[in-house]
Structures are given as C-alpha cells and as structure tokens.
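In the working numbering, the protein residues as written are 281 to 420.
Every residue gets a Cβ at the ideal spot worked out from N, C-alpha and C, and that includes glycine.
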C-alpha cells in the first residue's frame, strides 16, 4: 500500500532544526493552504488548512537555512495520523475554538519563488527558481 500527499502553501513560522541523539538533522515547520469560495447563499468563505511538516537529513538542513515564515513551498510526503485518534491533531485555539493540524513527513520540499516583483506587487509568471539552492524545475 502507498499514500502520498502534495501540499502547496506558505510557511506559517520559521523552521526549527534539531538533531536526534544519533546526529540526524530534523527540521519542523508549519504550512498553511487556503481556498476561498462562495456558498449557495452568496456568503464568501475563506478556508485555511494547517500542516505540520517534518523534514529529515540534508534536506532538513537546507530547509532550515533557506526557508522563512511566509515563503511558498511545495511539499510531497506522507500523512502521519495522531496515534491516539488515527486522524489529525485536534487542539483548542487561544480564542477557545477547535482547530486541527495534519502531520506530514516530507519526502521532498521544493522552494518556490515568492512571486513578488520589485515594485511590491505579485508577478503573473512564477519564473525561475533563482534563489533555490537546488534549482530544480517546478513540476507544473
């Protein structure tokens, strides 16, 4: 059996790198994806889903070095269910409402261009990955 998830979103916080007792690097960060839609009643709804990403090895070191809060990324990995519930990690927000995040172990992380032009607006074309340490092409 096989499962794979692809996420394209923005970092919600700066990455945090640590090392296992054996010296293996692991970096963690959160990624938010969002979508907007209008209900049949004409009400606009903004929906955000949070993913907690863990990256291992040399890729963890690159993520820690090059990624910052707000940076767009493409993550391919596998979902890790909560061991107690078998689903997402459910928590209570500061305002008392329920929230959930999904745990993902990354197999690959692609650094996407920010899409900001020199004038401060967003570019139509995503262009080349000039600032990516890997320089791989974006798969779309």
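- Annotation for residue 340: the continuous alpha helix (DSSP H) segment containing it runs 338-346.
- In the DSSP assignment, residue 331 forms a beta bridge with 311 and 382.
- Note that the C-beta distance between residue 310 and residue 336 is not below 9 Å.
- Taking a 10 Å sphere around the C-beta of residue 307, we find 16 or more other C-beta atoms and assign the residue as buried.
- When secondary structure is reduced to three states using DSSP, residue 326 falls in the strand class.
- Residue pairing by DSSP places residue 316 opposite 326 in a beta bridge.
- By the Cβ criterion, the region 288-301 is in contact with the region 344-351, since at least three pairs of Cβ atoms, one from each stretch, lie closer than 8 Å.
- With respect to the 9 Å criterion, residue 285 and residue 392 are not classified as neighbours on the basis of their beta carbons.
- DSSP places residue 354 in the uninterrupted beta strand (DSSP E) bounded by 352-360.
- Distance from the CA atom of residue 357 to the CA atom of residue 383, rounded to whole angstroms, is 10 Å.
- Residue pairing by DSSP places residue 305 opposite 299 in a beta bridge.
- Comparing C-alpha distances from residue 328 to each of 390, 394 and 381 shows the shortest one belongs to 381.
- DSSP, read as helix, strand or coil, puts residue 391 in strand.
- Residue 340 counts as buried, since at least 16 other C-beta atoms from the protein chains shown sit within 10 angstroms of its C-beta.
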